[in-house]
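Engineer: In this note's numbering, the protein residues as written are 74 to 442. What follows is a single structure, and I will ask about it in a moment.
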Amino acid sequence: QRWDSFRLNTPNWANDLPGIPFHPERPNAFESAETLVAFLEDYAERFDLPVRTGCEVTSVRKAGDGFRIKTSDDEIETDAVVCASGCLNRPRMPECAASTPDFVENLTAADYDRASDLPDGAVLVAGSAQSGSQIAEDLLKAGRRVFLSTGKVGRIPRRYRGRDILEWLRDMGFFDMRPEDLDDPAAQHAHQPQISGTDGGHTLSLQGLAARGATLIGRVHGFDGARVLLGGNVADSIAHADEVSSHVTDLIDRFIEKTGRTAPAREDDPHVPPLPDLGDSDNWSELDLMERDVRTIIWCTGFGADWSWLEVDAIGKDGVLKHEDGIASVPGLYFIGFPWLATRKSGIIHGTREDSERIADHITRNVGA
């Protein structure tokens, strides 16, 4: 579900697994998806883990004190189940996507591989969060005309005051924050900020994409024949992203001052140029796909979870997991690899060690004892 040029958004030091660091010879590099997959395969082989691939789990239900798992191959009975399927495994498309004109190809971020696979003509990228902004950049590099439908999504600089932004955030305890530490609980569900690991890692900004040729437009609200109906204000989206970036860098500045650290002074980021003239696209109410020769829409409107296979009472009506630090309300059931299970880093590889050790310890002490 990643395009050819994709690179991890986290540097190598943030992708270690228990027992084996992830390419420690280049800790600040950003690897490809293929490199990460090869690392996982090697990890499974090195520790002789009984990994089964091409085997779909179709049902998990209670069976006495344990569970019965039905797969595409067989059935398994077990005392404990650890759900590591993630909550971002099913691309979402808005209902209005069904009204896309027949002459336009509909894709999701998970479908996109490379620009050369797309029909000739311009491309509308619907959504400007992490995937949308990165795919828009990839299309621009390939010489495609891009219309980028924007929304209020934050961005953070790739590097700041001599270090990768994630190094600062790690040292500040950002990744160790628990849900109850947040001033606003809704922050748990915020979009991932615009940033990139391609080309050695760099900042992504809407003004940077506009400077490279993207036409920034408002949010897609629906269709009227061959016209896409738009809403929102591009300038507001840019201002919001800039505010988030400034907030994060201000926090780092205060951290440096408080701790007495030595760091280079602020520098201008070449990937955040002055905002070019947006023309009238800032307030377009519609985009005529035929007139603008748009032949592809890539819906970068997020991913959701498919819990149809989990036939136990562990998911709330709102899709929220019923758990405490990854230990589900159903005895013997566990979750790992989900955002904010215990801390902010629970949803990324950087949080794997702590969460897996806690869950393994709980299973050892409580399951089958």
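Glycine is no exception: its CB is placed at the ideal position from the N, C-alpha and C atoms.
1. Quick check: Ile311 and Leu279, are their CB atoms within less than 8 Å of each other?
2. So, under 8 Å CB-CB, Gln203 and Pro266 are touching, yes? Tell me the CB distance rounded to an integer number of Å.
3. Taking Cβ to Cβ, would you say Val440 is nearer than 8 Å to Ala153?
4. From what residue to what residue does the beta strand (DSSP E) around Asn179 run?
5. Do Gly399 and Gly159 count as a contact pair if the criterion is CB distance below 8 Å?
6. Any contact of the segment 131-151 with the segment 162-177, i.e. 3+ C-beta pairs under 8 Å?
7. How would you call Thr369, buried or exposed, if buried means at least 16 neighbouring beta carbons within 10 angstroms?
8. Identify the continuous alpha helix (DSSP H) that holds Phe328 and give its terminal residues.
9. For Ala287 versus Leu348, is the C-beta spacing smaller than 8 Å?
10. If we call anything under 8 Å between Cβ atoms a contact, is Leu406 one with Gly270?
11. What number of angstroms, rounded off, separates the C-alpha of Leu362 from the C-alpha of Val301?
12. Our contact map puts Tyr185 next to Trp76 with C-beta atoms below 8 Å; I'd like the distance itself, whole angstroms only.
13. Alpha carbon to alpha carbon, how far is Val317 from Lys225? Give it in angstroms, no decimals.
14. Exposed or buried, which one is Val367 when buried takes at least 16 other CB atoms within 10 Å?
15. Taking contact to mean at least 3 C-beta pairs separated by less than 8 Å, is the segment 185-194 in contact with the segment 227-235?
16. Suppose the cutoff is 6 Å on Cβ atoms and the five residues either side in sequence are ignored; what does the same chain contact list for Ala182 look like?
17. Going by DSSP in three states, Pro91 sits in which element: helix, strand or coil?
18. Could you have a look at Pro167 and say whether DSSP puts it in helix, strand or coil?
Structural biologist: Result, derived from the coordinates:
1. Cβ atoms of Ile311 and Leu279: closer than 8 Å.
2. 7 Å
3. yes
4. 178-181
5. In this structure, Gly399 does not lie closer than 8 Å to Gly159 by Cβ.
6. no
7. buried
8. Its alpha helix (DSSP H) spans residues 307-332.
9. no
10. no
11. So the alpha carbons of these two residues sit roughly 7 Å apart.
12. 5 Å
13. About 10 Å.
14. buried
15. no
16. So the list reads Ser204, Cys373, once near-sequence residues are dropped.
17. coil
18. The answer is coil: DSSP assigns Pro167 none of H, G, I, E or B.
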